[in-house]
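Sequences listed follow chains A and B, in order.
Just so we're on the same page, my numbering is the position in the first sequence counted from 1, plus 100.
Just so we're on the same page, my numbering is the position in the second sequence counted from 1, plus 38.
Virtual Cβ for every residue (Gly too), placed ideally from N, Cα, C.
These numbers were taken from a predicted model, which means no experiment stands behind them.
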Amino acid sequence: MSLVARQLTLRHNGEVFLEDISFTAKPGITVLVGPTLSGKTTLMRVLAGLIKPDSGSITVNGNDVGKTSVKDRSVSFVYQQFINYPSLSVYDNIASPLRVHQPKISKEEMADRVTEVAKMLRITELLDRKPSALSGGQQQRVAIARSLARKSDVVLLDEPLANLDFKLREQLRDELQRIFSDASMMVIYSTAEPLEALDMASHTIVMHEGRVQQDGLALEMYSTPKNIPVAQAMSDPPLNLISSNLASKGSQSLGSALKDRFNGSFTVGIRPHNIALKSQKSNDIAISGKVRIAENTGSSTFLHLDLEDSQKLVLELDGSQRFEVGSAITVYLDHSAVFGFDTESGNTLFSPSAVR
Amino acid sequence: MAEIRLENVGHSYDGGTTFALNPITLTWEDGNAIALLGPSGCGKTTLLNIISGLLTPSVGRVFFDGVDVTDLDTAKRNVAQVFQFPVLYDTMTVRENLSFPLKNRNVAKDVIAARVDEIAELLGINKYLDIRPQKLRSDLQQLVSLGRGLVRRDVPAILFDEPLTVIDQNFKWTLRGRLKEMHNSTRYTLVYVTHDQTEALTFADDVVVLNQGNIVQTGTASDLFLAPQDEFVGFFIGSPGMNFINASVSDGSVSIGSTLIGTAVAEHPIPNGEVRLGIRPEFLTLSSAGTGTDVKINRVEHRGGYKLIHADGPHGNVVAKLPNDSAFVAGEKAQLVFHPERTYLFRDSKLAGRVSTKGAGQ
Numbered sequence: 101m102s103l104v105a106r107q108l109t110l111r112h113n114g115e116v117f118l119e120d121i122s123f124t125a126k127p128g129i130t131v132l133v134g135p136t137l138s139g140k141t142t143l144m145r146v147l148a149g150l151i152k153p154d155s156g157s158i159t160v161n162g163n164d165v166g167k168t169s170v171k172d173r174s175v176s177f178v179y180q181q182f183i184n185y186p187s188l189s190v191y192d193n194i195a196s197p198l199r200v201h202q203p204k205i206s207k208e209e210m211a212d213r214v215t216e217v218a219k220m221l222r223i224t225e226l227l228d229r230k231p232s233a234l235s236g237g238q239q240q241r242v243a244i245a246r247s248l249a250r251k252s253d254v255v256l257l258d259e260p261l262a263n264l265d266f267k268l269r270e271q272l273r274d275e276l277q278r279i280f281s282d283a284s285m286m287v288i289y290s291t292a293e294p295l296e297a298l299d300m301a302s303h304t305i306v307m308h309e310g311r312v313q314q315d316g317l318a319l320e321m322y323s324t325p326k327n328i329p330v331a332q333a334m335s336d337p338p339l340n341l342i343s344s345n346l347a348s349k350g351s352q353s354l355g356s357a358l359k360d361r362f363n364g365s366f367t368v369g370i371r372p373h374n375i376a377l378k379s380q381k382s383n384d385i386a387i388s389g390k391v392r393i394a395e396n397t398g399s400s401t402f403l404h405l406d407l408e409d410s411q412k413l414v415l416e417l418d419g420s421q422r423f424e425v426g427s428a429i430t431v432y433l434d435h436s437a438v439f440g441f442d443t444e445s446g447n448t449l450f451s452p453s454a455v456r
Numbered sequence: 039m040a041e042i043r044l045e046n047v048g049h050s051y052d053g054g055t056t057f058a059l060n061p062i063t064l065t066w067e068d069g070n071a072i073a074l075l076g077p078s079g080c081g082k083t084t085l086l087n088i089i090s091g092l093l094t095p096s097v098g099r100v101f102f103d104g105v106d107v108t109d110l111d112t113a114k115r116n117v118a119q120v121f122q123f124p125v126l127y128d129t130m131t132v133r134e135n136l137s138f139p140l141k142n143r144n145v146a147k148d149v150i151a152a153r154v155d156e157i158a159e160l161l162g163i164n165k166y167l168d169i170r171p172q173k174l175r176s177d178l179q180q181l182v183s184l185g186r187g188l189v190r191r192d193v194p195a196i197l198f199d200e201p202l203t204v205i206d207q208n209f210k211w212t213l214r215g216r217l218k219e220m221h222n223s224t225r226y227t228l229v230y231v232t233h234d235q236t237e238a239l240t241f242a243d244d245v246v247v248l249n250q251g252n253i254v255q256t257g258t259a260s261d262l263f264l265a266p267q268d269e270f271v272g273f274f275i276g277s278p279g280m281n282f283i284n285a286s287v288s289d290g291s292v293s294i295g296s297t298l299i300g301t302a303v304a305e306h307p308i309p310n311g312e313v314r315l316g317i318r319p320e321f322l323t324l325s326s327a328g329t330g331t332d333v334k335i336n337r338v339e340h341r342g343g344y345k346l347i348h349a350d351g352p353h354g355n356v357v358a359k360l361p362n363d364s365a366f367v368a369g370e371k372a373q374l375v376f377h378p379e380r381t382y383l384f385r386d387s388k389l390a391g392r393v394s395t396k397g398a399g400q
């Protein structure tokens with residue numbers, strides 16, 4: 101089983117929505133990750149057949165589905181904004197796609213399918229209720245259950261957790277992973293959150309400005325991104341990007357402290373947790389700045405610094421730490437955790453040798 | 039801006055059968071940034087709406103700087119509000135949108151111009167001042183909405199209802215920082231509703247944690263993280279939240295099953311019986327030394343900068359946050375190592391004390 105997209109392109113009024121998108125999804129989860137407006141939702145709508153691409157093809161299990169109507173495609177779609185029929189019970193909501201697409205199914209089999217998916221999503225005790233009597237998290241479970249009941253070849257989940265509470269998200273994400281990991285369908289799951297992609301730990305596609313930037317395992321893209329958009333799509337808090345021309349203490353510039361990695365002028369990338377207040381290794385790179393603000397979550401402190409040349413740096417430190425706004429401070433970049441990017445193209449010049 | 043005081047304020051949407059917000063009494067000092075944090079249905083939005091005047095509480099009185107405003111509507115209370123989605127006039131430019139709340143109150147033209155520039159600078163939207171909001175991306179529109187909320191200085195408080203919902207992940211980091219800087223320099227009274235703990239904890243001087251219509255704890259980020267007074271706070275704050283393990287206290291000694299792990303430290307001696315140990319993933323370590331409480335590792339999650347090790351034990355499942363170089367793999371057996379100062383005891387879901395352990399390899 102597979103879903104193969106080949107060279108999908110979609111433009112409107114000269115604006116590029118999708119450009120030359122090709123990928124293969126196998127049974128299990130494929131995560132689409134990228135910022136808002138990167139083309140994730142548009143791609144999902146094209147895959148569902150809701151929008152016709154200008155060019156390119158989609159094959160599901162070897163069959164070109166380009167000419168198949170939406171109704172006849174074996175595709176289910178779950179939206180960010182959960183949609184249920186308000187007048188139908190949870191049971192009938194879940195059963196509704198079966199009634200439309202598989203009208204000949206027996207009552208017993210329908211009941212079996214509905215109970216099976218309800219059990220999977222832990223909503224068995226809610227089957228007699230109306231959606232309005234449910235919490236947001238429960239309503240989204242119903243919407244997901246409905247998409248599963250049909251046993252479509254392809255299930256599209258467009259940022260399904262985005263409208264849920266933070267804690268519910270953690271919980272449901274774990275469950276979705278469990279439900280879909282042994283499923284025989286192709287699940288395409290989109291998210292704007294790097295941690296969600298890392299948690300899913302499966303096949304991941306990074307999108308940016310309507311293009312596929314990189315395709316592989318989430319952790320690969322975290323540790324060896326092809327370019328700045330990929331590195332950024334896989335970083336939360338965001339990756340720091342500063343110029344190699346900035347002065348480093350004890351040597352001429354950041355660039356000269358990193359000339360064993362790349363010789364020349366480039367953009368230095370470093371994640372906030374790879375910068376420390378004390379030097380730990382002899383090749384740590386010292387850099388000076390002024391405290392702009394410190395944000396404290398209890399678990400960590402995010403220290404924002406102003407560097408020379410109006411550049412900025414954010415550190416993620418363990419625990420609660422206090423800093424005086426405006427005070428001067430020297431911090432240390434872990435040499436082995438630095439990325440180098442071509443300033444012009446944003447392409448990666450070098451990545452850390454291990455996951456940092 | 040103003041001090042906000044609530045006296046015995048509560049609200050019921052069904053005429054008193056159930057309370058969405060149980061009666062509370064509290065005072066928020068002038069100039070503080072307060073976050074109301076909790077899951078959906080916890081009462082946080084009800085509380086915000088009572089302060090803004092959108093909702094008249096079923097019981098209790100609301101005071102701004104000592105003046106009873108309970109019966110005043112939103113307009114008369116004069117508070118500024120920022121909502122979840124942009125609320126802007128499409129027929130006006132960004133500048134006109136930002137000026138509107140001031141113009142409406144007959145502020146002098148040059149004062150308006152200076153103030154609008156100041157706010158636009160703070161939010162980084164100066165270059166959009168002369169275009170119409172509908173031409174902007176939704177997150178930029180939301181910035182303009184934020185600007186409208188911040189532009190007046192003569193309001194008792196600025197109220198934010200999940201204002202960063204439509205803001206892109208990456209940009210949230212920048213914007214949160216800017217809001218905090220704005221608060222540091224202005225000391226406006228801000229009340230901010232969110233379900234996102236990072237937003238609440240980083241933004242506010244005091245975070246009010248609500249659950250099922252009750253305030254469970256109010257405190258700084260460190261208070262809530264290090265000393266949760268209630269199991270709910272332990273669970274809700276932190277990502278992942280606190281681990282809870284069934285244990286027992288006998289004459290001051292704390293044991294998991296038959297394994298002694300340390301002695302109870304509490305203000306009032308803890309009576310013998312069942313307790314729950316609460317320990318954050320950040321303070322839990324695993325050892326392969328072979329003594330202590332046994333667990334089996336069932337999943338290792340690589341989160342990029344760190345690993346989450348999920349383990350099952352006979353007394354509860356736990357998660358430990360360990361550095362990238364930790365070599366534990368799924369299927370392996372290990373022993374729990376409790377932090378000597380950060381292992382807490384809960385009874386009936388309330389904090390009862392902590393456990394003094396001997397550290398590694400108990």
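Using beta carbons (cut-off 7 Å, strictly below), is residue i in contact with chain B?
i: A:Asp120; result: no
i: A:Val398; result: Sequence inspection shows Gly at residue 398 of chain A; the Val mentioned does not correspond to that position. Yes, because at least one Cβ of chain B sits closer than 7 Å to the Cβ of A:Gly398.
i: A:Ala292; result: yes
i: A:Thr136; result: yes
i: A:Tyr289; result: no
i: A:His465; result: This structure cannot settle anything about residue 465 of chain A, because the visible part of chain A is limited to 101 through 456.
i: A:His308; result: no
i: A:Glu395; result: yes
i: A:Leu298; result: yes
i: A:Val455; result: yes
i: A:Ser420; result: yes
Where does residue i land, buried or exposed, given buried means 16+ other C-beta within 10 angstroms?
i: B:Pro309; result: exposed
i: A:Arg278; result: exposed
i: B:Ile169; result: exposed
i: B:Asp234; result: buried
i: B:Gly397; result: Since pLDDT at B:Gly397 reaches only 46, below the 50 mark, its modelled position is unreliable, and the value read off the structure follows with that caveat. The residue in question, B:Gly397, is exposed, as its Cβ has fewer than 16 Cβ neighbours within 10 Å.
i: B:His49; result: buried
i: B:Asn1; result: Nothing about residue 1 of chain B can be reported from this structure: the residues present for chain B run from 39 to 400 only.
i: B:His306; result: exposed
i: B:Glu312; result: exposed
i: B:Gly251; result: buried
Straight-line CA distance for residue i to residue j?
i: A:Thr168; j: A:Val160; result: 11 Å
i: A:Ser344; j: A:Lys359; result: 10 Å
i: B:Ala58; j: A:Leu268; result: 20 Å
i: B:Phe101; j: B:Thr63; result: 11 Å
i: A:Ile328; j: A:Ser351; result: 26 Å
i: B:Gly399; j: B:Thr331; result: Here the model assigns B:Gly399 a pLDDT of 42, short of 50, so the residue's position is not dependable and the matter cannot be decided.
i: B:Arg190; j: B:Leu140; result: 7 Å
i: A:Arg422; j: A:Ala394; result: 7 Å
i: A:Ala283; j: A:Thr130; result: 12 Å
i: A:Gly114; j: A:Gly389; result: 44 Å
i: A:Ile183; j: A:Ile342; result: 44 Å
i: A:Thr124; j: A:Leu103; result: 6 Å
i: A:Ser335; j: A:Asp442; result: 19 Å
i: B:Gly391; j: A:Gly139; result: 52 Å
For a cutoff of 7 Å on Cβ pairs, would you count residue i as touching chain A?
i: B:Trp66; result: no
i: B:Gly215; result: yes
i: B:Gly276; result: yes
i: B:Ser364; result: no
Query raised in the report: Touching or not, the segment 139-158 of chain B and the segment 177-196 of chain B, by the rule of three or more beta carbon pairs under 8 Å?
Result: yes
Report task. Ignoring anything shorter than 4 residues or poking outside the segment 74-139 of chain B, list the alpha helix (DSSP H) runs there in chain order. Result -> 82-90, 112-115
Report task. Check whether the segment 252-266 of chain A touches the segment 170-187 of chain A, counting contact only when three or more Cβ pairs, one atom from each stretch, lie closer than 8 Å. Result -> yes
Requested in this report: Output the residue ranges of the alpha helix (DSSP H) runs that lie fully inside the segment 204-272 of chain B and measure 4 residues or longer, sorted by chain position.
Outcome: 207-224, 235-241, 259-264
Report task. Quick one: which unbroken alpha helix (DSSP H) runs of 4-plus residues sit fully inside the segment 134-200 of chain B? Chain order, please. Result -> 147-161, 176-188
Report task. Kindly provide the ranges of any beta strand (DSSP E) runs that are 3 or more residues long and lie completely inside the segment 304-344 of chain A, ordered along the chain. Result -> 311-317, 340-343
Query raised in the report: Taking one C-beta from the segment 428-444 of chain A and one from the segment 68-81 of chain B each time, how about it: are there three or more such pairs within less than 8 Å?
Result: no
Requested in this report: Check whether the segment 294-312 of chain A touches the segment 408-418 of chain A, counting contact only when three or more Cβ pairs, one atom from each stretch, lie closer than 8 Å.
Outcome: no
Query raised in the report: Three or more beta-carbon pairs under 8 Å between the segment 233-248 of chain A and the segment 258-273 of chain A, yes or no?
Result: yes
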